[in-house]
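*Asks:* Each residue of the sequence shown is one higher than the one before, starting from 1 at the first, in UniProt numbering.
Below is the structure I would like to discuss, written out as structure tokens.
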Amino acid sequence: MDVRTTTSGRAAGRRGRAARSAIARRRPGLLLGVAAAGAVLVNVLTGTGPAAQAGAASSESASVAEALGLSGQSSPAGAAPDLQPLQDLTASRSSREAEETAAQQAQAAADQAAVERQRVEAEAAAQAEAAAQAAAQAEAAAQAEAAAQAEAAAHAEAAAQAEAADAAAESAEAQSEASDEESGEEAGAGEVAASTAVTAVARITNSAGSPKPQSQAAADAVVSNVPGADDITIGGTRASATDPGGHPSGLALDYMVLSDTALGNAIVQYHIANWDALGVDYLIYQQRILQSPGGSWSTMADRGSATQNHMDHVHVNYL
């Protein structure tokens, strides 16, 4: 590279910039001259005098320069333009934009807060309604349960009263039947008590000899005067009896009525009514013993079976 060429190029660049700077400095004067020339031309055309034209040209030039914002004096070379108004305008615009942005954000926040408040209020209302419905359902369920319990209690009470009434009726019926049975037994005893006449001979089953005559005579009276007694089995002597004064001696008889309690009671009542005439020593029936016609029945010990407890027959010992 040629140093001179480079140096001349730089010098040419500096001269070009200086020329442009000089032109820039002369531009207000040039414009002012153009304005003055225009004013003179106007005055010439309108016939104004030279002195007036010069004054007019000067005032017109000044007014045009003022209108253009130019001064008749050239600005000093290298003076920096005043940018403060532009900066103030820019700052004002930025401030307005910031304020508008803040206002928009505040409005958005307010709208969001309103939406959130509405949501919270809606949720609270829904919860309150759900709670009210749950309370109403619980109250209805409690009332239904109370009604069911009351109805069940009423039914139970009615059933208890009905059961008590049935029990009372059964008891009354049983008492009535017992009274009727007792009356019948007493009537039967009264009927047979008036007669000890013998019209039939009792068939006595013996396995250890013949019974005593008084036992046979009593059995004949029983089958002759107690209806149904002539159809039952009458047990007499037997060697296996443990009571020497009973069956082995021929003085005891067993009237086997089995389950016919009415017939057993009738045979008992006949012997009580004719105690002395029949020569009765004692009676045993249904696990009880009677030793005198005016005495009381005594309960005997349990011997095990129905026959051993005299539940199915009347045992009579004669004297």
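Beta carbons are placed, not taken as given, at the ideal position from N, Cα and C, and that holds for glycine.
The structure displayed is predicted, hence computed values, not measured ones.
Going by Cα to Cα distance, which pick from Ala35, Ala138, Leu283 and Ala219 is closest to Gly295?
*Replies:* Residue 295 sits at position 295 when you count from the first residue of the sequence shown. Out of Ala35, Ala138, Leu283 and Ala219, Leu283 has the C-alpha closest to the C-alpha of Gly295.
*Asks:* Specify the secondary structure class of His313 as computed by DSSP and reduced to three states.
*Replies:* Taking the first residue of the sequence shown as 1, we reach residue 313 at position 313. Of the three classes helix, strand and coil, the one that applies to His313 here is coil, per DSSP.
*Asks:* Taking Gly319 as the reference, give the member of Asp302, Val222, Met311 and Pro211 with the closest Cα.
*Replies:* Within the sequence shown, residue 319 is the residue found at index 319, counting from 1. Note on residue identity: the sequence assigns Leu, not Gly, to residue 319. Minimum Cα distance to Leu319 is reached at Pro211.
*Asks:* Starting from Val280, trace the beta strand (DSSP E) both ways and give me its first and last residue.
*Replies:* One-based indexing of the sequence shown puts residue 280 at position 280. Unbroken beta strand (DSSP E) run through Val280: Val280 to Tyr285.
*Asks:* Is the stretch 311-318 in contact with the stretch 249-256, if contact means three or more CB pairs nearer than 8 Å?
*Replies:* As far as the Cβ criterion goes, the stretch 311-318 touches the stretch 249-256, which means the pair count is three or higher.
*Asks:* Give every residue of the same chain whose Cβ lies closer than 6 Å to the Cβ of Ser224, excluding the five residues on either side of it in the sequence, and list them in chain order.
*Replies:* In the sequence shown, counting from the first residue as 1, residue 224 sits at position 224. Hits under 6 Å: Val198, Thr199 and Ala200.
*Asks:* Buried or exposed: which applies to Ile234, given that a residue is buried once 16 or more other Cβ atoms fall within 10 Å of its Cβ?
*Replies:* If you number the sequence shown from 1, residue 234 lands on position 234. Buried, since its Cβ has 16 or more Cβ neighbours within 10 Å.
*Asks:* With H, G and I counted as helix, E and B as strand and the rest as coil, what does DSSP make of Ala252?
*Replies:* For the purposes of this step, residue 252 is taken as residue 252 along the sequence shown, with counting starting at 1. Reduced to three states, the DSSP call for Ala252 is strand.
*Asks:* By a C-beta neighbour count over all protein chains shown, 10 Å radius and 16 as the cutoff for buried, is Ala221 buried or exposed?
*Replies:* On the sequence shown, residue 221 is found 221 positions in, with the first residue counted as 1. Answer is buried; the Cβ neighbour count reaches 16.
*Asks:* Let me know if Gly33 comes out buried or exposed under the rule of 16 or more other beta-carbons within 10 Å of its beta-carbon.
*Replies:* Translated into positions along the sequence shown, residue 33 becomes position 33. So Gly33 counts as exposed.
*Asks:* Can you tell me whether Ser296 is helix, strand or coil according to DSSP?
*Replies:* Taking the first residue of the sequence shown as 1, we reach residue 296 at position 296. Coil, per DSSP.
*Asks:* Within the chosen definition, does the stretch 235-247 reach the stretch 153-160 through at least 3 CB pairs nearer than 8 Å?
*Replies:* Verdict: no, contact absent.
*Asks:* Using DSSP's beta-bridge definition, name the partner residues of Leu290.
*Replies:* The residue given as residue 290 occupies position 290 in the sequence shown. Beta-bridge pairing links Leu290 to Leu283.
*Asks:* With H, G and I counted as helix, E and B as strand and the rest as coil, what does DSSP make of Thr307?
*Replies:* To locate residue 307, count along the sequence shown from 1; it is residue 307. Coil.
*Asks:* If you draw a straight line from the alpha carbon of Ala130 to that of Ala103, how long is it in whole angstroms?
*Replies:* Counting from 1 along the sequence shown, the entry for residue 130 is found at position 130. Counting from 1 along the sequence shown, the entry for residue 103 is found at position 103. If you take the alpha carbons of Ala130 and Ala103, they lie about 40 Å apart.
*Asks:* In chain order, what residues of the same chain lie with their CB nearer than 7 Å to the CB of Gly264, ignoring the 5 residues before and after it?
*Replies:* To locate residue 264, count along the sequence shown from 1; it is residue 264. The beta carbon of Gly264 sits closer than 7 Å to those of Val257, Tyr285 and Val314, all from its chain and outside the five residues before and after it, given in chain order.
*Asks:* Look at the alpha carbon of Gly246 and the alpha carbon of His310, and state the distance between them as a whole number of angstroms.
*Replies:* Residue numbering aside, residue 246 sits at position 246 when the sequence shown is read from its first letter. Residue numbering aside, residue 310 sits at position 310 when the sequence shown is read from its first letter. Computed Cα separation, rounded: 14 Å.
*Asks:* With respect to the alpha helix (DSSP H) encompassing Ile272, which residues constitute its N-terminal and C-terminal limits?
*Replies:* Translated into the one-based positions of the sequence shown, residue 272 becomes position 272. Run containing Ile272: Thr261 to Ala273, per the alpha helix (DSSP H) assignment.
*Asks:* Compute the minimum distance between the beta carbon of Gln269 and the heavy atoms of the ligand SAM, and state whether it is under 7 Å.
*Replies:* What this structure holds is no ligand at all, so the ligand SAM is not there to describe.
*Asks:* Tell me the DSSP bridge mates of Thr205?
*Replies:* Residue 205 sits at position 205 when you count from the first residue of the sequence shown. For Thr205, which the question treats as bridged, DSSP gives the partners Gly235.
*Asks:* So the alpha helix (DSSP H) Ala217 belongs to, where does it begin and stop?
*Replies:* Taking the sequence shown and counting its residues from 1, the one referred to as residue 217 is at position 217. Where Ala217 is concerned, the enclosing alpha helix (DSSP H) stretches over Pro213 to Asn225.
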